[in-house]
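Participant: Residue numbers (my numbering): 1040 to 1152.
Cβ coordinates follow ideal geometry from the N, Cα and C atoms, glycine included.
Given the structure is predicted, the values throughout are model-derived calculations rather than measurements.
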Amino acid sequence: MSTNTCLSCGACCAAFRVSFDVSELESEGGCVPDGLADRENATLARLRGTDYARPRCVALIGEIGREVRCGIYRERPGPCREFAPLAEIGHFADACNRARARHGLPPLPVDRD
Ligand code: SF4
Ligand code: SF4
């Protein structure tokens, strides 16, 4: 497995609420575009679309399970950076499969080490 798995998956971008510190917003000196986020409170912001009943981050481009990419890959917030790096090199997590199951995608082999 390789980065290609994430590029043909994208399930985690359409399964979980993605909240992050407001300091990551462009307007606060970070790099996440303000227009793609909602403020939850004084300290937290949330990627727009990730709190919907059927979540989907507004920055996600493409069709889940076929071909996807993050429209703000270089500017994505911390939780996105922390979630995918291992998967990008082929080490998948239970959370990947929980997200994939929401989209009817088959499970990936999970590292138990
Ligand atoms: S991190 Fe996991 S759920 Fe997210 S795109 Fe990659 S394989 Fe899919
Ligand atoms: S910012 Fe990019 S990586 Fe993060 S949830 Fe949205 S589409 Fe996925």
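Can you give the Cα-Cα distance for Glu1063 and Val1071, rounded to whole angstroms?
Facilitator: If I take the Cα positions, the gap works out to 6 Å.
Participant: For the beta strand (DSSP E) that contains Cys1109, what are its first and last residues?
Facilitator: 1106-1109
Participant: Which residues bound the beta strand (DSSP E) around Glu1102?
Facilitator: Segment 1099-1102, the beta strand (DSSP E) holding Glu1102.
Participant: Return the Cβ separation of Asp1077 and Arg1087 in integer angstroms, given the expectation that the two are a contact with Cβ distance under 8 Å.
Facilitator: About 6 Å separates the two Cβ atoms, so the contact holds.
Participant: Near Pro1116, what residues of its chain come up, given a Cβ to Cβ distance below 6 Å and the 5 sequence neighbours on each side ignored?
Facilitator: Phe1059, Glu1063, Val1071
Participant: Take Ser1041 and list the residues in its own chain whose beta-carbon comes closer than 7 Å to its own, dropping the five residues that flank it on each side.
Facilitator: Because Ser1041 sits at a pLDDT of 47, beneath the cut-off of 50, its placement in the model cannot be relied upon, and the following sentence gives the value as read from the coordinates. Cβ neighbours of Ser1041 beyond the five flanking positions: Gly1129.
Participant: Identify every residue that forms a DSSP beta bridge with Ala1076.
Facilitator: Leu1086
Participant: Looking at the strands, I want to know which residues DSSP matches up with Ser1058.
Facilitator: Arg1085
Participant: Could you pull the DSSP bridge partners for Phe1131 from this structure?
Facilitator: Val1149
Participant: Over the uninterrupted alpha helix (DSSP H) stretch that includes Pro1116, give me the two end residues.
Facilitator: First-last for Pro1116: undefined, no H or E at that position.
Participant: Tell me the rounded alpha-carbon separation between Arg1056 and Asp1090.
Facilitator: 5 Å
Participant: Is Gly1110 near ligand 3, judged by its Cβ being under 8 Å from some heavy atom?
Facilitator: Although ligand 3 was asked about, the structure shown includes only ligand 1 and ligand 2 as ligands.
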